[in-house]
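See below for the structure under consideration.
There are 2 protein chains.
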Amino acid sequence: MHAVLGEPPLTRSVEDYLKAIYHLSSQGGFAATSDIAASLEVSAPSVSGMVKRLSETGLIEHVPYRGVQLTAQGRRAALKMIRRHRVLEVYLTQTLGYDWDGVHEEADRLEHAVSDTLIERMAHALGDPRYDPHGAPIPTVEGEIEEADLVSLADAKIGASLELRQVGTEDPARLRYLAEQGLVPGVSLRVTERQPFNGPTLVSLERGTRIVGRELAQLLWCRVSGS
Amino acid sequence: MHAVLGEPPLTRSVEDYLKAIYHLSSQGGFAATSDIAASLEVSAPSVSGMVKRLSETGLIEHVPYRGVQLTAQGRRAALKMIRRHRVLEVYLTQTLGYDWDGVHEEADRLEHAVSDTLIERMAHALGDPRYDPHGAPIPTVEGEIEEADLVSLADAKIGASLELRQVGTEDPARLRYLAEQGLVPGVSLRVTERQPFNGPTLVSLERGTRIVGRELAQLLWCRVSGS
DNA sequence: TAGTTATTTTAGCATTTCCTAATTCACCTG
DNA sequence: CAGGTGAATTAGGAAATGCTAAAATAACTA
């Protein structure tokens, strides 16, 4: 008699920590205590305490004074939360009139409360979308996530033809501004010039040309589209 | 400079207690500690502790060894939760294919996480429904709730013509059975007979006759429809 | 009315999650 | 390589919520 119990239920806090650690360690290997603290807006000692509990539970690995990494189990849990979040964002945007700049907050609270069933019903009703409103890939039910080969606009070569694929922020003010500028996922653009000393990048869109400061350019992830 | 702060945010537990107290005291005046404990599936001492905190916050009034009642503020908060719950039930049923017997559980978790905005968008998308899938009235945004004059089928007079308006349970098994029998809100029925000694009530529907045991009959709230 | 019973409350703890203050550690610089 | 600096951890606590066991109270019954 195998008891096929899925992972035990996690608390809201634990889910938030796992998500944060996933995002922070997706680039380099380890997430630092202080970065987790900043990202969740809690104190560093709070993180130390939670880190201890999470590594005892086997969700993360902790190398003292170095940082933490997700275990396979932790990664699975994190991707599940990210799927929930992104499906919710698409659903609220497509179905209930949310804007891409306001939907993050609502999804952030709902993701801890919805059942698997509800998420899958939403996903199905939407035709199983693969990207959220910001262009971020939605993990599959099986926990796979697309790894796209993107360059940030801040690093793109002069003259390159690009397709904007993903906007790397959830900040409403930045998102509103970008939408006004027509800088939304799917748009085609060409890099015409970049000012020296970390200066802005100039791009031409169908709708005209834009001057994009370095901070924003770093948030715009693009696919290089031939020629 | 008036700080027009709405009520402070309540925790999930507090919201659950207020809802339970509302339901338990809607008939008689006071909700008993032990009834609250049973309804929330916690121990009586836990209730005593929470009751102390809630009355210090001004959400309830506590008469020791007698029970508790909601204050105006507590009632407002409870009705807000009940609106959320019922709007969610209608939304999930109408839009995402939930059945009336499974929707309660999902709504019970979501009601603590949704924003006011989301609830009102759902309500609007549904055409501002006035009743949930079980026929229970949905409080308005202003906190008003319809008080209908209903009799339970167990008390209805022999020969009466009734319209079933509300089903007073969220138990999935009972709801499934009732739906199979065609005993859903809106249906018309006539009381033909009642067995003595708390025996079953016999009713005739368009679809045929039904024998309804006392326990279920007490859950079926009906409006007397002339002659 | 006195005793029994059922309900309610108090006492004392455990857990989760957060905090501030103090300490420890790793690393870099002179 | 000795300090110094900044990051991380430990120490010690608070608040919310739950529990069991014991005490207090109300209510019923004989």
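Protein chains in written order, with our numbering: chain A, 367 to 593; chain B, 367 to 593.
The beta-carbon is built from N, C-alpha and C at its ideal position, and this holds for glycine as well.
Inset, instruction - Alpha carbon to alpha carbon, how far is P505 of chain B from R441 of chain B? Give it in angstroms, no decimals. - result: 11 Å
Legend entry - C-alpha distance - M418 of chain B paired with G424 of chain B, whole-angstrom precision: In the sequence as presented, Met is not what sits at residue 418 of chain B; that position holds Lys. The alpha-carbon atoms of K418 of chain B and G424 of chain B are separated by roughly 10 Å.
Inset, instruction - Counting only the same chain and skipping the five closest in sequence on each side, list residues whose C-beta sits under 6 Å from that of L390 of chain A. - result: A397, D401
Inset, instruction - Could you tell me whether the Cβ of L476 of chain A comes closer than 8 Å to any Cβ of chain B? - result: yes
Legend entry - Contact set for E512 of chain B: own chain, Cβ-Cβ below 8 Å, skip 5 residues either direction: R496, P503
Inset, instruction - In angstroms with no decimal places, state the Cα-to-Cα distance between P551 of chain B and G501 of chain B. - result: 6 Å
Inset, instruction - Measure the CB-CB distance between L476 of chain A and V480 of chain B and report whether it falls below 8 Å. - result: yes
Inset, instruction - Sort B:A443, B:A444, B:E472 by Cα distance to V456 of chain B and report the nearest one. - result: B:E472
Inset, instruction - Pick helix, strand or coil for S570 of chain B, following the three-state DSSP scheme. - result: strand
Inset, instruction - Using a Cβ-Cβ cut-off of less than 9 Å, list which residues of the segment 450-482 of chain A approach chain B; keep chain order. - result: L458, T461, L462, G463, Y464, G468, E471, E472, R475, L476, E477, H478, A479, V480, S481
Legend entry - Runs of beta strand (DSSP E) wholly within the segment 476-523 of chain B (minimum 3 residues, chain order): none
Inset, instruction - Pull out every residue of the segment 512-546 of chain B whose Cβ sits closer than 7 Å to any Cβ of chain A, in chain order. - result: none
Inset, instruction - State yes or no: is the C-beta of S523 of chain B within less than 8 Å of the C-beta of M447 of chain B? - result: The residue you asked about is not Ser; residue 523 of chain B is Lys in the sequence shown. No, Cβ-Cβ distance for K523 of chain B and M447 of chain B is not below 8 Å.
Legend entry - Min CB distance A404 of chain A to chain B below 8 Å: no
Legend entry - Rounded C-alpha distance that separates A369 of chain B from A545 of chain B: Unreliable placement is indicated for A369 of chain B, whose pLDDT of 48 sits below 50; the coordinate value is still reported in the next sentence. Their Cα atoms are separated by approximately 50 Å.
Legend entry - Cβ of R338 of chain B within 8 Å of any chain A Cβ: Here chain B has residues from 367 to 593 only, and residue 338 of chain B is not among them.
Inset, instruction - Within its chain, find whatever has a CB closer than 8 Å to the CB of E373 of chain A; leave out the 5 residues flanking it on each side and keep chain order. - result: Q439, R442, A443
Legend entry - Member of A:L492, A:A526, A:D537 whose CA lies at the smallest distance from the CA of R556 of chain A: A:A526
Legend entry - Opposing strand residues paired with R576 of chain B [DSSP bridges]: B:V569
Inset, instruction - Work out the CA separation of G579 of chain A and Q561 of chain A for me, nearest whole Å. - result: 10 Å
Inset, instruction - Starting from L586 of chain B, follow its DSSP beta bridges and name the residues at the other end. - result: B:V533
Legend entry - E381 of chain B - DSSP class collapsed to helix/strand/coil: helix
Inset, instruction - Please state if the CB of L528 of chain B and the CB of S591 of chain B are separated by a distance shorter than 8 Å. - result: yes
Inset, instruction - Count the other C-beta atoms from every protein chain shown that fall within 10 angstroms of the C-beta of H470 of chain B, then say buried if there are 16 or more, exposed otherwise. - result: buried
Legend entry - Given R432 of chain B as reference, the closest of B:V553, B:G394, B:D494, B:I577 once Cα atoms are compared: B:G394
Inset, instruction - Pull up the DSSP beta-bridge partners for L541 of chain A, would you. - result: Answer is none; L541 of chain A lacks a bridge partner.
Inset, instruction - State the beta-bridge partners of A397 of chain B as determined by DSSP. - result: B:V434
Legend entry - Endpoints, the alpha helix (DSSP H) within which S409 of chain B is located: Note, S409 of chain B: premise wrong, no alpha helix (DSSP H); not H, not E.
Legend entry - Rounded straight-line distance, which links the Cα of T558 of chain B to that of S518 of chain B: 15 Å
Legend entry - Closest by C-alpha distance to G493 of chain A, when choosing among A:D465, A:Y464, A:Q460: A:Q460
Legend entry - Limits of the unbroken beta strand (DSSP E) element including E427 of chain B: 426-429
Legend entry - Cβ of A491 of chain B within 8 Å of any chain A Cβ: yes
Legend entry - Where the beta strand (DSSP E) containing S554 of chain B begins and where it ends: 554-560
Legend entry - Integer-rounded CB distance, given that W587 of chain A should sit under 8 Å from R531 of chain A: 6 Å
Legend entry - Three-way DSSP call (helix, strand, coil) for L458 of chain A in this model: helix
Legend entry - Residues from the segment 543-568 of chain A in contact with chain B, defined by Cβ distance under 8 Å: none
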